[in-house]
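Residue numbers (this note's numbering): 98 to 161.
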């Protein structure tokens with residue numbers, strides 16, 4: 098007979114898996130936001146350089 102105060106092992110495994118999955122999702126989201134920010138900074142700098150040098154090139158817009 099199982100003690101009433103213990104948690105089944107399968108429930109602990111499910112909870113730990115959910116926490117790890119959520120942490121990986123947060124890390125992925127943070128990395129995507131950081132990458133988008135770096136890309137926006139790059140295109141901003143490229144636009145400024147284009148204006149300074151009077152170049153006739155197309156610089157794509159970055160989604161915000």
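C-beta atoms are modelled at their ideal positions from N, C-alpha and C, and glycine is treated no differently. For clarity, every value in this text was computed on a predicted model and none was experimentally measured.
- Starting from residue 158, trace the alpha helix (DSSP H) both ways and give me its first and last residue. Element bounds for residue 158: n/a, residue is neither H nor E.
- Query: In whole angstroms, what separates the C-alpha of residue 125 from that of residue 155?
  - Reply: Cα to Cα, residue 125 sits roughly 31 angstroms from residue 155.
- Endpoints, alpha helix (DSSP H) assigned at residue 123: 106 to 150
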